[in-house]
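Note that the protein sequences, when read in sequence, are chains A and B. Numbers 1 to 141, taken from this note's numbering, label the letters of the first sequence in order. Numbers 1001 to 1349, taken from this note's numbering, label the letters of the second sequence in order. Yeah, the Cβ is synthetic: ideal placement off N, Cα and C, and Gly gets one too.
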Amino acid sequence: MPHTSSVPLFWRLKKSKYMMIGSKCQTCGSVFFPPRVICAKCRSRGKVADHQFTGRGVIESFTIIRAAPEGFENAAPYAVALIRLDEGTSISGQVVGSIEDVAAGKRVRPVFRRITQDGDDGLIHYGIKWEIDDGSAGTEA
Amino acid sequence: MSGEEIGIVGYGCYVPRFRIKVEEIARVWGEDADSVKSGLAVEEKSVPDMDEDTITISVAAAKNAILRAGISPSSIGALYIGSESHPYVVKPSGTVVSDALGMGPDIMVADFEFACKAGTAGVQCCYSHVKAGLADYAMAIGADTAQGRPGDALEYTAAAGGVALIMGRDPLAVLEGTYSYTTDTSDFWRREGQDYPSHGARFTGKPAYFKHVISAGKGLLARLNAKPTDFQYCVLHMPNGKFPATAAQQLGFTMQQLEPSLVVRKMGNCYSGSSMMGLCAVLDVAKPGDRIFMVSYGSGAGSDAFAWRVTDKIAERRERARKAADYISDMKYIDYATYVRMRGKLKGD
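What follows is the structure, given as structure tokens:
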């Protein structure tokens, strides 16, 4: 079957998808995930560099996806949350585990999981999802 | 650095959260659960979530090992992943794991395959690399999302989990010796393109598991001029709960020496991670000075035997990450229908 995503595009985004490397403006301190090459505040005066996020944060809001898009049908129902990262910016992402456990205000931490795959013969795409953080040791990103 | 001693500087495991009970599988196939449970000495097995595979399990286990070792991922010079469920047939799992953890690009990477002992084969390579000066640290992973054909006896035990061991100097467990025993014995195999393995049923015992585990075990004891009573713990590959108990007895070890490693009862057989998971469970409770005897087994067939001596580094490092018992007790039961869906045996459009 035809593959739905560009292989080189995936390579280029690997650092942010695998390791939560975003960017930070060295001028004003603003952080961005996914990474930006120009600071949204300082514009041309800003100097943006890679920034390693911990991936930890708090669920601000969430929704349960029951009618999933193509490629995710077998995973439904699953939770997608808006997560306020500890470093200050927010990101949307899938929360793994039981959907009953997902609630606004709960802390989450990153886990490395399969995101999707291009048919039966294309690439498997991996990246970060989130799980509810129960405070146990040994789970830093 | 404590001299030239080489061994495990960090270890980490990961077990997926879901469990299915032997009773639930037996119910679907009309078998007597009590006789299955007593025959296998297994109560339940782990099941990976739909978005988990050998690569994601390896990443989770490796993170815990790196935390325990307290080293930078980029200081690891080799990564070998042993599994019989690599997500790709062609494209190494290690490439994804290495980049996901920031270990590369200055790193030797390869995927290993030797049924359930591919992980311990990696441990031997990593030890050799460190000893030869090719790498300061080298990581071996044994991980699997094992599959049994629906209705097959393997379905009761084929489980998921993984373990990462980092070899280096200043270890928490010194490798005192290792020895392998290998023959062409076809007890379990899977041909290219087949979803499920085939096996030699009752012939997987005496001429396969027992012959190789006992020969490797006796071979190492002889080479070390050691006896079973010199060790506080014994860890064997766990295709079920019965085989290691019988093999340990035949080697001269007691159930007290074996018991702390028998994780198979509550999580099943995670194939390449099986004996390494037993080792993790023992390292989680061992004291400095304790000696651990370990033998893996891979169908096809071969066994790798190891003798470990725990050092005083263990106490602090083991608290840096979740223990095997933490993962095994943090679980949620699912029914057979959910299990079938999660393992991809039931597909929609």
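{"Query": "Look at the alpha carbon of R1309 of chain B and the alpha carbon of A1286 of chain B, and state the distance between them as a whole number of angstroms.", "Result": "10 Å"}
{"Query": "Taking C-beta to C-beta, are S1078 of chain B and C1013 of chain B nearer than 8 Å?", "Result": "Per the sequence presented here, residue 1078 of chain B reads as Ala, with Ser not at that position. Taking 8 Å as the Cβ cut-off, A1078 of chain B and C1013 of chain B do not qualify as a contacting pair."}
{"Query": "Quick one: grab the DSSP three-state call for G71 of chain A.", "Result": "coil"}
{"Query": "Would you kindly work out how many angstroms separate the C-alpha atoms of A81 of chain A and F53 of chain A, rounded to a whole number?", "Result": "18 Å"}
{"Query": "Does L1134 of chain B come out as helix, strand or coil in the three-state DSSP assignment?", "Result": "coil"}
{"Query": "With H, G and I counted as helix, E and B as strand and the rest as coil, what does DSSP make of D1326 of chain B?", "Result": "helix"}
{"Query": "Specify the secondary structure class of E100 of chain A as computed by DSSP and reduced to three states.", "Result": "helix"}
{"Query": "Mapping the DSSP letters down to three states, classify I1066 of chain B as helix, strand or coil.", "Result": "helix"}
{"Query": "List, in order along the chain, the chain B residues whose C-beta lies closer than 8 Å to that of R144 of chain A?", "Result": "Within the shown structure, residues of chain A are numbered from 1 to 141, placing residue 144 of chain A beyond reach of any answer."}
{"Query": "Report all residues from its chain with a CB closer than 8 Å to the CB of A1307 of chain B; omit the five preceding and five following residues, and keep chain order.", "Result": "L1175, E1176, G1177, T1178, L1220, L1224, A1226, F1231, R1291, I1292, F1293 and M1294"}
{"Query": "Does the beta-carbon of T1229 of chain B have 16 or more other beta-carbons within 10 angstroms, so that it is buried, or is it exposed?", "Result": "exposed"}
{"Query": "Using 10 angstroms around the beta-carbon of I38 of chain A, count the other beta-carbons present and answer buried if the total reaches 16, otherwise exposed.", "Result": "exposed"}
{"Query": "Shorter than 8 Å from the beta carbon of I124 of chain A to some beta carbon of chain B?", "Result": "yes"}
{"Query": "Which one or two residues does DSSP pair with C42 of chain A in a beta bridge?", "Result": "According to DSSP, which records beta bridges pairwise, C42 of chain A is partnered with nothing at all."}
{"Query": "Which value, in whole angstroms, describes the spacing of the CA atoms of G1122 of chain B and F1112 of chain B?", "Result": "7 Å"}
{"Query": "Would DSSP call A1315 of chain B helix, strand or coil?", "Result": "helix"}
{"Query": "Assuming Y1336 of chain B is part of the alpha helix (DSSP H), what are its boundary residues?", "Result": "Y1336 to M1342"}
{"Query": "Could you tell me which chain A residues have their CB closer than 9 Å to the CB of D1099 of chain B, listed as they occur along the chain?", "Result": "K14, K15, Y18 and M19"}
{"Query": "Please report the straight-line C-alpha distance between A68 of chain A and N74 of chain A, rounded to a whole angstrom.", "Result": "8 Å"}
{"Query": "Give the single residue among A:K15, A:P35 and A:K106 whose Cα lies nearest to the Cα of I59 of chain A.", "Result": "A:K106"}
{"Query": "Closer than 7 Å by beta-carbon distance: list the chain B residues that pair up with S176 of chain A, in chain order.", "Result": "Outside the displayed range of chain A (1 to 141) lies residue 176 of chain A, so it cannot be described from this structure."}
{"Query": "Below 8 Å CB to CB, which residues in the same chain sit around I1314 of chain B once its five sequence neighbours on both sides are set aside?", "Result": "L1172, A1173, L1283, A1286, K1287 and P1288"}
{"Query": "Are V1047 of chain B and Y1137 of chain B touching if we call contact CB-CB under 8 Å?", "Result": "no"}
{"Query": "Under the three-state reduction of DSSP, which class applies to V7 of chain A: helix, strand or coil?", "Result": "helix"}
{"Query": "So which residues on chain A does K1332 of chain B lean against when the C-beta distance must stay under 9 Å?", "Result": "G97 and S98"}
{"Query": "From the DSSP output, which residues share a beta bridge with Q52 of chain A?", "Result": "A:I21"}
{"Query": "For H1212 of chain B, which of helix, strand or coil comes out of DSSP?", "Result": "helix"}
{"Query": "Could you compute how far the alpha carbon of P2 of chain A sits from the alpha carbon of D121 of chain A?", "Result": "Note that P2 of chain A scores a pLDDT of 48, beneath 50, so its modelled location is shaky; the value from the coordinates is reported in the next line. Looking at the two C-alpha atoms, the distance is approximately 9 Å."}
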